[in-house]
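A.B. asks:
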Amino acid sequence: MNQLDRFKNITVLGAAGKMGSGILLLNVLHSVKLMHLPQFLGQTFVINAVDQSFERLQGLMDYIKNQVQKWAEKNIVELRKQYINRPHLIDNKDIIEAFVADAMSLVKPSINIEVSYHSSLIFEAIIEDENIKTKVFRQINENNPNKPYFLSNTSSIPIKVLDDKAGLEGRIIGCHFYNPPAVQRLIEVVQLDEPITELSSLVEGLAKHMNKLIVPANDIAGFIGNGFFMREIIYAVNLYKTLQKDLSPAEALLAVDKISHELLIRPMGIFQLMGYVGVDVCSLIMRVMDSHLEENLNCSFLDELLSKGVKGGQHANGTQRDGFFKYEGGKAVEVLDVESLKYTEVKLLEPKVDEYLDFQTKVYSWNQLSRSKYKDQHIQEYFAQLKNDESKGALLAKEYSQAMRDIAVQLYENKVCDSTDYVNAVMMNGFYYLYGPVNNLMD
Amino acid sequence: MQKRVFIVAGYNTVSLGSGRSEFNPKKKNPGIEHYILEAGRKTLEQINGADNVDESVIGNFMASRFNNQAHLAAFIPSIDPKLKYKPSVRVEGACASGGLAVMTAIKSILAGTANVVLTLGVEVQNTVKAMYGADHLALADFYKKRKDGHAYFFPGKFSDRAGAYGKAFGEEYTRGGMAKWYANCVENARLCETAQEYENSNDKLLDTGLTPPDSSRFVDHLNYTDCSKVSDGASAIAIVSEEGLKRVGIKMSDAIELVGFAQAEDDIMLEPDDLLELSTTKVAVSNAMNMAGINKEQLATVETHDCFTIAGVLATEAIGFAPKGKGAAFVAEGHTSRDGSIPFNTTGGLIAWGHPTGATGVHQVVTIWEQLTGKAGQAQINISDNKPYGLTVNMGGNDKTVVSMVFKKCN
């Protein structure tokens with residue numbers, strides 16, 4: 000089968016989820032382009048969107064339609080050229096509507112996994128559970144005569160494990176998109192030791208079309224992204240506990256979040272990030288990794304939080320749910336005391352935390368720098384000053400930064416990746432850091 | 000002219016759209032009826048009420064698409080109950096609708112059917128996103144050519160003109176003139192509180208204007224800053240006879256006099272004969288100036304239809320200030336700046352005051368009225384006794400409908 004022919008019938012599993020809906024959208028935009036290629040004119044393209052309930056699928060269809068329309072509006076100059084041979088489509092509005100109709104006609108929502116038996120490509124974005132993924136893969140593989148390729152969005156389970164357990168004969172690759180997939184440029188690609196060349200080149204071509212950046216990771220649980228993130232969580236939680244010698248639990252939490260956010264010029268602090276991902280998801284990933292690695296990787300704090308009902312996560316519109324913080328207009332305004340489960344206003348605790356950190360270096364905000372042409376120069380200047388700052392906050396920030404470098408180096412030494420550059424690439428493109436953890440900013 | 004015609008009581012609403020801090024495209028913005036009411040009432044206040052009005056004219060281009068609203072003449076009585084049952088007419092000539100409204104009012108005065116005509120122009124365009132607005136505005140050209148046009152149809156048309164000018168006289172040279180035009184407009188808009196770019200604080204306007212166009216994002220030879228604004232707004236003014244001037248109780252020194260006007264029309268189905276020239280504009284201006292019996296050296300200021308910066312450059316040539324191909328230099332050398340030999344578009348023009356399409360022709364007349372009567376506030380330029388004239392040029396489509404008028408300061 001020709002590589003592109005495989006796109007004529009594809010399935011996205013878990014299509015209504017946060018990751019699945021983005022992966023579906025990217026595929027819709029890819030397939031609608033393919034169907035206009037001369038060799039495919041008049042042929043039928045199908046994208047099965049499979050999820051658990053009709054309610055979720057209805058919401059999904061609304062989301063996809065909305066996003067496709069926005070995409071068409073933004074790309075109208077290009078679309079007019081694409082539709083030049085359809086004489087009755089004259090106004091931009093006509094063309095945008097036709098494009099949306101073309102795109103939506105591809106998507107077949109279903110709650111039945113059986114529809115995937117006709118597909119040649121299976122994109123998987125279901126729950127991060129080894130047994131469930133394996134069962135679904137096995138079922139599809141056994142009933143699908145096309146010997147489909149499986150593109151798994153797993154962020155932690157080794158691909159080899161899934162392949163062996165589901166009996167896929169090597170027809171699987173890890174394509175770990177970052178949240179939200181439609182926006183984030185990164186795809187962490189995990190191949191088996193002996194990959195199928197056609198599958199590798201198919202993913203490469205797809206990523207190129209979707210304007211995504213591929214970072215290769217080796218097949219070790221957690222890969223680069225979660226390999227880094229989970230170890231950072233453990234570091235941050237330990238620091239939080241240490242700081243409680245001097246500060247109350249809420250103050251300590253705020254202090255660690257501040258160090259990892261403002262003092263290291265990141266888009267959000269580590270606790271806000273944990274809340275964004277969801278404490279339950281973090282805990283699940285930690286357990287998956289722990290079960291596959293020799294290293295003892297666990298964090299009882301996460302389980303403690305879950306038992307107390309602290310979960311975080313996101314609302315359907317992408318805004319954060321209450322977790323470690325309560326948010327107003329995207330800004331954390333109250334912080335949680337994990338012991339008493341009471342929230343206190345950030346502005347009441349901030350003076351004490353600031354006094355404790357006593358930070359002397361002039362801080363740039365991530366927002367400000369991420370848009371600046373002189374970003375690299377300002378980051379150099381900032382760390383040069385931080386190096387000479389002897390305040391408590393600066394010492395903690397320097398230690399934190401060193402710990403992050405150690406994690407990155409450890410990933411390389413443990414053969415999770417072939418270069419620390421890949422760790423930097425993942426953190427900068429998947430986590431929006433302005434600089435990689437392995438750097439010479441304070442040498 | 001068989002009768003004297005005076006212009007009094009001008010008013011502009013804010014030009015609302017991107018650039019104004021109170022503008023939020025995601026929120027509900029005032030509708031077309033709001034603008035008609037505001038501008039109409041403010042002019043009525045200056046002429047001592049609606050009792051004095053004999054008839055009204057309203058210019059509008061595309062409310063039927065932007066606002067799903069036709070039959071705008073019937074909004075006039077909403078301004079004041081005393082306008083009920085009085086004559087009212089809506090005129091349309093694409094972006095020259097405002098100029099046509101003023102001209103229609105003038106003809107009523109000249110015909111003797113009215114002594115006081117309330118004249119409005121209005122457009123509310125921010126009801127749709129830019130790519131749909133482009134569809135509506137494209138109707139100012141021949142619809143059968145829409146399919147082959149650019150997604151942003153009119154930017155595409157004037158990009159072709161800018162490209163041709165660049166090819167004939169040098170790209171850098173052309174860009175230099177367009178950049179200076181943009182910088183002048185924003186500098187002028189900063190002096191006018193109703194201007195859309197009033198709050199613009201860019202301290203490198205010329206550098207911004209000199210940015211090379213990126214055809215992958217927009218059109219080949221224009222930047223967004225070369226385009227007029229997408230605007231919501233209305234302007235109103237009263238056109239009166241000598242008798243009407245007495246009736247409304249306005250001093251002669253607060254009026255300006257119309258001394259020449261012309262309208263020229265070209266075939267919408269044809270492409271311009273020469274992309275390097277605004278030939279219809281040339282005819283309209285020449286006829287208006289001849290009627291006024293003045294030469295260009297007697298003009299104190301010009302309000303021209305700079306729907307794109309290249310149209311501003313081309314207008315300096317069409318009016319006769321610069322020979323063909325020399326307009327870009329004329330602008331770049333500062334002649335059209337507010338302290339230059341002939342200040343153009345002293346409150347920012349279409350580029351920076353804004354372009355509520357159907358209102359623009361009226362707005363131009365209001366600006367000339369303000370300047371010649373000393374009411375332009377911070378934007379006031381010096382009007383010397385030996386240069387008591389102001390010129391307007393209002394263009395519809397790609398130089399298809401053009402209204403040009405010459406006004407004189409009254410002593």
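Residue numbers (numbering that gives the first Met the number 0), protein chains in the order written: chain A, 0 to 442; chain B, 0 to 410. Beta carbons are placed, not taken as given, at the ideal position from N, Cα and C, and that holds for glycine.
Among V362/A, E193/A and I219/A, which one has its Cα closest to the Cα of L262/A?
C.D. replies: The shortest Cα separation from L262/A among V362/A, E193/A and I219/A belongs to V362/A.
A.B. asks: Taking R404/A as the reference, give the member of G392/A, V415/A, T419/A and A393/A with the closest Cα.
C.D. replies: It is T419/A.
A.B. asks: Does DSSP put I258/A in a helix, a strand or coil?
C.D. replies: Of the three classes helix, strand and coil, the one that applies to I258/A here is helix, per DSSP.
A.B. asks: Please decide whether R370/A counts as near chain B, where near means a Cβ-Cβ distance under 9 Å.
C.D. replies: Closer than 9 Å: no.
A.B. asks: Can you give me the C-alpha to C-alpha distance between C298/A and I233/A, rounded to a whole angstrom?
C.D. replies: One C-alpha to the other measures close to 6 Å.
A.B. asks: If you measure from the beta carbon of D134/B to each beta carbon in chain A, is any gap under 9 Å?
C.D. replies: So, interface residue.
A.B. asks: Verify the CB distance criterion: does N91/A have a CB-CB separation below 9 Å to chain B?
C.D. replies: Closer than 9 Å: yes.
A.B. asks: Which chain A residues sit within Cβ distance under 7 Å of M130/B?
C.D. replies: By Cβ distance, chain A contributes E72, I75 and N91.
A.B. asks: Based on Cα-Cα distance, which residue from S371/A, I213/A, G19/A and L272/A lies nearest to Q190/A?
C.D. replies: Ranking the options by Cα distance to Q190/A, first place goes to I213/A.
A.B. asks: Taking only beta-carbon positions, decide if L78/A is within less than 9 Å of chain B.
C.D. replies: At least one chain B Cβ lies under 9 Å of L78/A.
A.B. asks: Could you pull out every residue in the same chain whose Cβ sits closer than 6 Å to the Cβ of E129/A, ignoring the five residues on either side in sequence?
C.D. replies: Same-chain partners within the cutoff: I156.
A.B. asks: Taking all protein chains shown into account, decide if N1/A is buried (16 or more other Cβ within 10 angstroms of its Cβ) or exposed.
C.D. replies: The residue is exposed, with fewer than 16 neighbouring Cβ atoms inside 10 Å.
A.B. asks: Taking CB distances under 9 Å as the criterion, tell me whether F307/B reaches chain A.
C.D. replies: Chain A contact via Cβ: absent.
A.B. asks: Taking the C-alpha atoms as reference points, what is the distance between A73/B and D384/B?
C.D. replies: C-alpha separation (whole angstroms): 42 Å.
A.B. asks: How many angstroms separate the CA atom of H466/A from the CA atom of N47/A?
C.D. replies: Past the edges of chain A, shown from 0 to 442, lies residue 466/A, and the structure says nothing about it.
A.B. asks: With 8 Å as the C-beta to C-beta threshold (strictly closer), list the residues of the stretch 132-160 of chain B near chain A in chain order.
C.D. replies: The stretch 132-160 of chain B vs chain A, Cβ under 8 Å: A133, D134, A137, Y142, R145, K146, H149, A150 and Y151.
A.B. asks: Could you work out which residue in S230/B, N289/B and G319/B is closest to K128/B when comparing CA atoms only?
C.D. replies: Checking every option, the nearest Cα to that of K128/B belongs to S230/B.
A.B. asks: How should E344/A be labelled, buried or exposed, when 16 other C-beta atoms within 10 angstroms of its C-beta is the threshold for buried?
C.D. replies: By the 10 Å Cβ count, E344/A comes out exposed.
A.B. asks: Residue ranges of each alpha helix (DSSP H) run of no fewer than 4 residues wholly in the stretch 221-282 of chain B, ordered along the chain?
C.D. replies: With a minimum length of 4 residues, the continuous alpha helix (DSSP H) runs that stay inside the stretch 221-282 of chain B are 241-247.
A.B. asks: T118/B by DSSP, collapsed to three states: which one?
C.D. replies: Strand at T118/B.
A.B. asks: For E96/B versus N59/B, is the C-beta spacing smaller than 9 Å?
C.D. replies: What sits at residue 96/B in the sequence shown is Ser, not Glu. A contact, by the Cβ cut-off of 9 Å.
A.B. asks: Along chain B, in chain order, which residues have C-beta atoms closer than 7 Å to that of P179/A?
C.D. replies: By Cβ distance, chain B contributes nothing, its closest Cβ being about 20 Å from P179/A, past 7 Å.
A.B. asks: For K341/A and L335/A, I'd like the C-alpha separation in whole angstroms.
C.D. replies: Distance between the alpha carbons of K341/A and L335/A: 6 Å.
A.B. asks: Using three-state DSSP, classify H362/B as helix, strand or coil.
C.D. replies: Note: H362/B maps to helix in three-state DSSP.
A.B. asks: Just list the residues that DSSP pairs F5/B with in beta bridges.
C.D. replies: The partner list for F5/B (beta bridge, DSSP) reads V239/B and E256/B.
A.B. asks: How long is the line joining the alpha carbons of L305/A and Q313/A, rounded to whole angstroms?
C.D. replies: So the two alpha carbons sit approximately 16 Å from each other.
A.B. asks: Between which two residues does the beta strand (DSSP E) holding D394/B run?
C.D. replies: In the sequence as presented, Asp is not what sits at residue 394/B; that position holds Met. M394/B -> beta strand (DSSP E) spans Y388 to G395.
A.B. asks: What separation, rounded to the nearest whole angstrom, lies between the Cα atoms of E186/B and Y142/B?
C.D. replies: Cα-Cα distance, rounded: 37 Å.
A.B. asks: Going by DSSP, name the residue or residues bridged to R5/A.
C.D. replies: DSSP output for R5/A lists no bridge partner at all.
A.B. asks: Taking only beta-carbon atoms, is F217/B less than 9 Å away from chain A?
C.D. replies: Judged by the 9 Å Cβ criterion, F217/B is in contact with chain A.
A.B. asks: For the stretch 179-210 of chain A, list every residue whose C-beta sits within 8 Å of some C-beta in chain B, in sequence order.
C.D. replies: Flagged: no residues at all.
A.B. asks: Find the residues of chain B that neighbour P350/A, judging by a C-beta separation of less than 8 Å, and give them in chain order.
C.D. replies: Correct list: empty, because the minimum Cβ distance to chain B is about 33 Å.
A.B. asks: Check F228/A in the structure and name its three-state DSSP category.
C.D. replies: DSSP places F228/A in helix when its eight states are reduced to three.
A.B. asks: Nearest by alpha-carbon distance to Y131/B: which of R265/A, E327/A and I89/A is it?
C.D. replies: Here the closest residue by C-alpha is I89/A.
A.B. asks: Assuming V76/A and V99/A are in contact, meaning their beta carbons sit under 8 Å apart, how far apart are those beta carbons, in whole angstroms?
C.D. replies: Not quite, the Cβ-Cβ distance comes to about 17 Å (not below 8 Å), so this is no contact.
A.B. asks: Output the residue ranges of the alpha helix (DSSP H) runs that lie fully inside the stretch 170-228 of chain A and measure 4 residues or longer, sorted by chain position.
C.D. replies: Runs of the alpha helix (DSSP H) inside the stretch 170-228 of chain A: 196-208.
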